[in-house]
Structure formats: C-alpha cells, structure tokens
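Asker:
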Amino acid sequence: MPRDSEQLSNASPKKDPTENARDALLLALQSKTKFVGAGWDCIVARGIMTKQDVHLDPHTWIGETRISAEDPTKYTIHLGTRDVPEALGEQVIFRFKQLSPEDRLLYRLSHEICHVVCPIATEIDREFGRLFSMLEVMRRNGHAMSSLGNLDMYRTAGSVVQATEDLVELTNMFMIDPEYLRAYFVFLSDPQQQGRRDALGLHHLQSERVAKMLFTMIENGVTRFLNSS
Ligand SMILES: [Zn+2]
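Letter by letter, the sequence shown follows residues 15 to 243 in our numbering.
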C-alpha cells in the first residue's frame, strides 16, 4: 500500500490494516505455540507492553525490540513482515524450510517477545541467570549455541550480545514447543550432523547430561516467568 494511503487510514477512526494483522498474529501465538501466547499475556499483565507497542513494517524482514528511552522497564517491538531471505533463514532458523511463511513470521515475533521475557526470567530465576553466564563464557571460548548469534552484527558487538541472542533463541524454541528445542539439542549432539554444525559454526553438545541440564534450566526459567505475574 502506498505511504500516502497508509497515512490517510491512520488519520481515520478505522484501524490501520497493519493493526489488524498485528492483532491476528498475537492471537495466532495463543493457538500455534505452546507458551508464547501465555508469555505475551504475562508481559501485558505486568504492564510492560500492550499490543499498541507491537509495530509491523511491511517494507522489511528485520525485527527489533527496543527499550523505551523514557522508561527502561518498557519495550516496543518492530517487526518486519517480509519473509526472511531463504539462505539467511536456513542459516539462522532451525528447520526453517519446514515452517510455513506464517510460522516463520510467528517465530520472529516470538523471538522479539523472548527479548522481553529473558531479562525478567533472569531476574526471578537464579538458575536462568546462571544459564546466561554459562552461555556468555561459552561464547568467549568460541562455542556458539545459536547460529543467529554468529551473524557479523552480533559478533562485532561481543560475547554478551551473542550470548543474549543464544539465550533468546533457546528460550524461543522452548516457548514455541518444547519438542522443537529437544530436536534442536539432538541436532547439536548428533555426530552425523557434525558437517552441518561446522558449516554454521555451532557448538557440538557432547553430553546428553549437559543437554538435559540446559533444557531443564530453560524449562524452569520459563515456568517461573509464566507463574510470576
Ligand atoms: Zn534477537
């Protein structure tokens, strides 16, 4: 839609079409993910965000969560609704090809929502905070738990930013569906997948015990977050 007519529809009492699309996406989180819908409800119940703080941009595929300049406890999400370029999507999103375009968009929206969930979960659950420290140490030693965090824009920002993306990605996979995260950990530990992991610069999870420990830390952190509001 041309910019001018967008502005016209903004001026009218009718809803902007992107607001309808946003409302539909937030609703889809409830039925198409295991915990992201409940996570979003907690964020709203805590007064951190309302749906008006989620802005869709049909001109890009980039998503971003911003902390409010006036109040650092508040956030806005800016989500590009274009599909991610295929090569990049395959690189940074586990099982990208098996996701429908709508699921890919929901994945990216829930990733941004997890940027709001993770700092709160870190505050209320000590073990979840310890998980972040572990991921940060792993990053400093060259071990990546997400290929998203390997992108140049994060690599140049340093290990804290990279570990933040790792934590958000693991939390996102769990909140979409715990089985999705389980499958990702199997991928990280499967000897047959070594070539693919090397190509993506991903860590090889050598011990099933460690995979289970990481899974439990995420599960407990998310559960405590969901029960906290
Ligand atoms: Zn992110």
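A virtual CB, placed ideally from N, CA and C, is assigned to each residue, including glycine.
Could you round the C-beta distance between Gly77 and Arg122 to whole angstroms and report it? I think they count as a contact, below 8 Å.
Answerer: By one-based count along the sequence shown, residue 77 stands at place 63. By one-based count along the sequence shown, residue 122 stands at place 108. Confirmed, about 5 Å.
Asker: Counting C-beta neighbours from all protein chains within 10 Å, is the total for His218 16 or more, i.e. buried, or is it exposed?
Answerer: Taking the sequence shown and counting its residues from 1, the one referred to as residue 218 is at position 204. With fewer than 16 Cβ atoms within 10 Å of its Cβ, His218 is classed as exposed.
Asker: Determine the closest residue to Lys65 out of Asp71, Phe229, Asp37, with distance taken between C-alpha atoms.
Answerer: For this step, residue 65 is matched to residue 51 along the sequence shown. Ranking Asp71, Phe229, Asp37 by Cα distance to Lys65 puts Asp37 first.
Asker: Counting Cβ pairs closer than 8 Å, one from the region 127-145 and one from the region 78-95, do we hit at least three?
Answerer: Judged by Cβ distances under 8 Å, the region 127-145 makes contact with the region 78-95, as three or more pairs qualify.
Asker: When you get a sec, list the residues whose CB is within less than 6 Å of any heavy atom of ligand 1, chain order please.
Answerer: Here the residues come out as His125, His129, Glu179, Val182.
Asker: Quick one: is Asp97 buried, meaning 16 or more other Cβ sit within 10 Å of its Cβ, or exposed?
Answerer: The residue given as residue 97 occupies position 83 in the sequence shown. By the 10 Å Cβ count, Asp97 comes out exposed.
Asker: What does the Cβ neighbour count give for Val68, buried or exposed, with the cut at 16 atoms within 10 Å?
Answerer: Translated into the one-based positions of the sequence shown, residue 68 becomes position 54. Classification of Val68: buried, given that the 10 Å Cβ count is 16 or more.
Asker: Measuring alpha carbon to alpha carbon, tell me which residue in Leu113, Leu162, Phe108, Met159 is nearest Ala197.
Answerer: Here residue 197 corresponds to residue number 183 of the sequence shown, with the count starting at 1. Comparing Cα-Cα distances from Ala197 to each of Leu113, Leu162, Phe108, Met159, the minimum goes to Phe108.
Asker: Among Arg210, Phe146, Gly156, whose alpha-carbon lies nearest the alpha-carbon of Glu179?
Answerer: By one-based count along the sequence shown, residue 179 stands at place 165. The shortest Cα separation from Glu179 among Arg210, Phe146, Gly156 belongs to Phe146.
Asker: Among residues of its own chain, excluding the 5 on either side of Thr47, which ones have a beta-carbon nearer than 8 Å to its beta-carbon?
Answerer: Counting from 1 along the sequence shown, the entry for residue 47 is found at position 33. Same-chain partners within the cutoff: Leu120, Ser124, Met189, Ile190, Asp191.
Asker: Hey, would you say Ala225 sits closer than 8 Å to Ser203, going by beta carbons?
Answerer: To locate residue 225, count along the sequence shown from 1; it is residue 211. To locate residue 203, count along the sequence shown from 1; it is residue 189. Result yes, Cβ atoms of Ala225 and Ser203 sit closer than 8 Å.
Asker: Reducing DSSP to helix, strand and coil, say where Glu78 ends up.
Answerer: Walking along the sequence shown from the start, residue 78 turns up at place 64. Here Glu78 sits in strand by DSSP.
Asker: Under the rule that 16 or more other beta-carbon atoms within 10 Å means buried, what is Ile138, buried or exposed?
Answerer: Start at 1 with the first residue of the sequence shown, and residue 138 comes out as number 124. Burial call: exposed.
Asker: Under 8 Å, do Ser161 and Leu216 count as touching if we go by C-beta distance?
Answerer: For the purposes of this step, residue 161 is identified with residue 147 of the sequence shown, where counting begins at 1. For the purposes of this step, residue 216 is identified with residue 202 of the sequence shown, where counting begins at 1. The answer is yes: Cβ separation under 8 Å.
Asker: In or out: Thr32 buried (at least 16 other Cβ within 10 Å) or exposed?
Answerer: Position 18 of the sequence shown, counted from the first residue, corresponds to residue 32. When all chains shown are included, Thr32 counts as buried.
Asker: Tell whether a beta-carbon distance below 8 Å holds between His87 and Pro72.
Answerer: Along the sequence shown, read from residue 1 onward, the residue named residue 87 stands at position 73. Along the sequence shown, read from residue 1 onward, the residue named residue 72 stands at position 58. At residue 87 the sequence reads Thr, which differs from the His that was named. Not in contact: Thr87 and Pro72 (Cβ atoms no closer than 8 Å).
Asker: Scan the region 30-105 and note each continuous alpha helix (DSSP H) run of 4 residues or more that stays entirely inside, going in chain order.
Answerer: If we require 4 residues or more, the alpha helix (DSSP H) runs fully inside the region 30-105 come out as 31-46, 50-59.
Asker: Using the rule of at least 16 other Cβ atoms within 10 Å of the residue's Cβ for burial, across every protein chain shown, is Thr237 buried or exposed?
Answerer: For the purposes of this step, residue 237 is identified with residue 223 of the sequence shown, where counting begins at 1. Label assigned to Thr237: exposed.
Asker: Sorted by chain position, which residues of the same chain lie with C-beta nearer than 7 Å to Met185's C-beta, five sequence neighbours on each side aside?
Answerer: Counting from 1 along the sequence shown, the entry for residue 185 is found at position 171. For the sequence presented, residue 185 should be read as Thr rather than Met. Closer than 7 Å at the Cβ level, and outside the excluded window around Thr185, lie Cys128, Val131, Cys132, Ile232, Val236.
Asker: Using the C-alpha atoms, what's the distance from Gly156 back to Met148?
Answerer: Reading the sequence shown from its first residue, position 134 is the one you call residue 148. Reading the sequence shown from its first residue, position 142 is the one you call residue 156. Rounded to the nearest angstrom, the two C-alpha atoms are 12 Å apart.
Asker: Could you check what DSSP says for Ala171 in three-state terms: helix, strand or coil?
Answerer: Taking the sequence shown and counting its residues from 1, one reaches residue 171 at position 157. Note: Ala171 maps to coil in three-state DSSP.
Asker: Compare the C-beta of Thr178 with all C-beta atoms of chain B and state if any pair is closer than 8 Å.
Answerer: The displayed structure is made up of one protein chain only, and chain B is not part of it.
Asker: For Gly163, does the count of other Cβ atoms within 10 angstroms reach 16, so buried, or fall short, so exposed?
Answerer: Numbered from 1 along the sequence shown, position 149 holds the residue referred to as residue 163. So Gly163 counts as buried.
Asker: For Ile134, count the other beta carbons within 10 Å of its own beta carbon; 16 or more makes it buried, fewer makes it exposed. Which is it?
Answerer: Here residue 134 refers to the residue found at position 120 of the sequence shown. With 16 or more Cβ atoms within 10 Å of its Cβ, Ile134 is classed as buried.
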